[in-house]
Amino acid sequence: MTWLKPVEIGQDAQATYNEFLRDLDARLSDPGTDRFELAAGVLSEIMYGRSVAQLRADAPLAALNVDARNVTFEAEYYMATDTEAFTRVKPLLWLWKNADLTPVGQNPVLGIPLRRVLAGHVFRRVGRDFKCWQNVEFSVGYNMEVGDDVVVHRHVLLDDIGGIELHDNASISDYVNVYSHTHSVLDGPDVTLRRTVIGRGARVTYHSTVLAGSVISDDAMLATHALLRGDIPPHGIAMGVPARTTRFKVREPQEVHVDSRSFVRAADRKANPEFPDPTPNQTRLPEEQEQPRPLVTGQG
1 MTWLKPVEIG
11 QDAQATYNEF
21 LRDLDARLSD
31 PGTDRFELAA
41 GVLSEIMYGR
51 SVAQLRADAP
61 LAALNVDARN
71 VTFEAEYYMA
81 TDTEAFTRVK
91 PLLWLWKNAD
101 LTPVGQNPVL
111 GIPLRRVLAG
121 HVFRRVGRDF
131 KCWQNVEFSV
141 GYNMEVGDDV
151 VVHRHVLLDD
161 IGGIELHDNA
171 SISDYVNVYS
181 HTHSVLDGPD
191 VTLRRTVIGR
201 GARVTYHSTV
211 LAGSVISDDA
221 MLATHALLRG
231 DIPPHGIAMG
241 VPARTTRFKV
251 REPQEVHVDS
261 RSFVRAADRK
271 ANPEFPDPTP
281 NQTRLPEEQE
291 QPRPLVTGQG
């Protein structure tokens, strides 16, 4: 059941969109396709209304920047990034990011199915009817595992360098940040990768943040502006900074697939070979701070 209603556009426009999407998917499925050239060609068409060859003649600087071979991503500077895997998805992520800034990306009837096609060739796994709105960022893309009927809304950051799972019917609201890596508080280059899991039917609501390694169980909810640095049990509602489970949904008994209390977690991985060992506890509570010793002065 949904609260949304169907919206239709003209048949001629829809037929043109469908043909474009079928052609793009077929070309991406062809192992002989040069993904960099393909992405550059699509961007040149939708951003500048001309072929790459024309753009190179008329506006060489613009032509250089539709070609992902001439740009860098933040992830390319990470030791943890798999160079081969990222090279495969890089032109598609560049197409995804820049298409979102055009009328094509802002038009839901074309932008959403375009992202669905790209996700099928970027993510590790994506289920049916994935719905992603505009201006969603990924760190590497290839570590995303997405189930059926998942919705990701506008301006979301999915830091999947350590792996993110979005299970069936999960919903990620606008301006949410989901992380899968963490830094040592004493040594910033000491980075630990932790898989983050969001269960079936779970909702992560507006402007909230999920830190690395958290498990949000099936049918759970993270409240607006909350900061989660742990887990939420099935049907739980967590709120606050840091988030704590303070309510439970009233539900009939149902099968649970992702339960944070029993979920088998992937092992943490270290991202920097200079820091191969597990990061020890590096903080203490304010009351544990050593008291200053009294100053002793001489007399006379």
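Positions 1 to 300 (the UniProt record's numbering) are the ones given, in order, by the sequence shown. C-beta: ideal position from N, C-alpha, C; glycine also. Computed from a predicted model, the values in this text were never measured in an experiment.
At the C-beta level, Val146 and Leu166 come within 8 Å of one another. The three-state secondary structure of Ile164, taken from DSSP, is strand. Sorting Ile237, Val210, Leu61, Leu228 by C-alpha distance to the C-alpha of Asp219 places Ile237 at the top. If you draw a straight line from the Cα of Val89 to the Cα of Gly120, it comes to about 11 Å. By the C-beta density criterion, Ile9 is exposed, having fewer than 16 other C-beta atoms within 10 angstroms.
Shown here for Asn98: same chain residues with a beta carbon closer than 6 Å to its own, the five before and five after excluded, namely Leu43 in chain order. In the DSSP assignment, Thr245 falls within the beta strand (DSSP E) that extends over 244–248. For Met144, same chain residues with a beta-carbon under 7 Å away, outside a window of 5 residues either side, are Phe123, Arg124, Phe138, Leu158, Asp160, Ile164 in chain order.
Of the candidates Arg251, Ser262, Pro242, Ala59, the residue whose Cα lies closest to the Cα of Ser208 is Pro242. Excluding sequence positions up to five before and after Tyr179, its CB lies within less than 6 Å of the CB of Asp159, Leu211, Ala212, all in the same chain and listed in chain order. In terms of Cβ geometry, Ser171 and Val156 do not form a close pair [threshold 8 Å]. If the five residues before and after Arg27 are omitted, its C-beta is found closer than 8 Å to the C-beta atoms of Thr33, Leu38, all from its own chain and listed in chain order. Leu193 sits in a strand when the DSSP states are folded into three classes. Beta-bridge analysis with DSSP links Val146 to Val126, Leu166.
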